[in-house]
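Q: Structure in structure tokens, see below.
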Amino acid sequence: MEEDEEYIDPEELPIYKKGKEIFDVVHRLTQLIPEDNERLQVIKAQMLVDAAQLTVKVSGASSAGLYDLKMEAAAIIRKAARDLMVSNHSLEMLGFKEVYYFNIVRNLIEEYRLLFIDWVNNFDKWDYIIDRWGLFNPPGIGPFDKDPAPDIPSED
Numbered sequence: 002m003e004e005d006e007e008y009i010d011p012e013e014l015p016i017y018k019k020g021k022e023i024f025d026v027v028h029r030l031t032q033l034i035p036e037d038n039e040r041l042q043v044i045k046a047q048m049l050v051d052a053a054q055l056t057v058k059v060s061g062a063s064s065a066g067l068y069d070l071k072m073e074a075a076a077i078i079r080k081a082a083r084d085l086m087v088s089n090h091s092l093e094m095l096g097f098k099e100v101y102y103f104n105i106v107r108n109l110i111e112e113y114r115l116l117f118i119d120w121v122n123n124f125d126k127w128d129y130i131i132d133r134w135g136l137f138n139p140p141g142i143g144p145f146d147k148d149p150a151p152d153i154p155s156e157d
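So the sequence shown is residues 2 to 157, counted in my numbering.
Right, here's the structure in full:
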């Protein structure tokens, strides 16, 4: 971390707080899932993992300086949130009666999505190494671009 960079506690970020709220609600709602239904228990476990990703990956991305690492975390968050959005369909297919409560989770995820957009837009696009796989480069940088680092004189 640069000396002039200010440390930001990820737990103070609005996206982290909303992710925590989502996890808490998912945890409470999954308590309604019957313990004796193994198939529903599998979905419950996946929902809790997905909900946890919404804070864990924000925290990890906050400590990662590089753009590609932050974008990788963002992609995992997006997948987890989208999986949570549709988990109520699996619950309903397997006979879970209180599935309507999961509309609360869907509404919270929509709020999270808006915070996510702002969060990603604030990633430092100049703090990167070229992602040779081509997935997580800043705009305008390609996987076959010349690495500028060897041309930059060191301060030694």
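We put the CB at the ideal spot given by N, CA and C, even for glycine.
Any idea what DSSP makes of N123, helix, strand or coil?
A: Note: N123 maps to coil in three-state DSSP.
Q: So the candidates are N108, F124, F97; which of them puts its Cα closest to the Cα of L33?
A: F97
Q: CA-CA distance, E22 and P140?
A: Their backbone Cα atoms lie some 32 Å apart in a straight line.
Q: Taking the CB atoms as reference points, tell me whether R133 and P144 lie closer together than 8 Å.
A: yes
Q: Could you check how far apart the C-beta atoms of Y101 and L30 are, in whole angstroms? I think they sit under 8 Å.
A: No, Y101 and L30 are not in contact; Cβ-Cβ is about 11 Å, not under 8 Å.
Q: If you follow the alpha helix (DSSP H) that D51 is part of, which residue opens it and which one closes it?
A: 39 to 64
Q: What is the DSSP secondary structure of P139, counted as helix, strand or coil?
A: coil
Q: Where do the N-terminal and C-terminal ends of the alpha helix (DSSP H) with D10 fall, by residue?
A: First-last for D10: undefined, no H or E at that position.
Q: Suppose the cutoff is 7 Å on Cβ atoms and the five residues either side in sequence are ignored; what does the same chain contact list for K18 look like?
A: Excluding positions up to five away in sequence, the list is empty.
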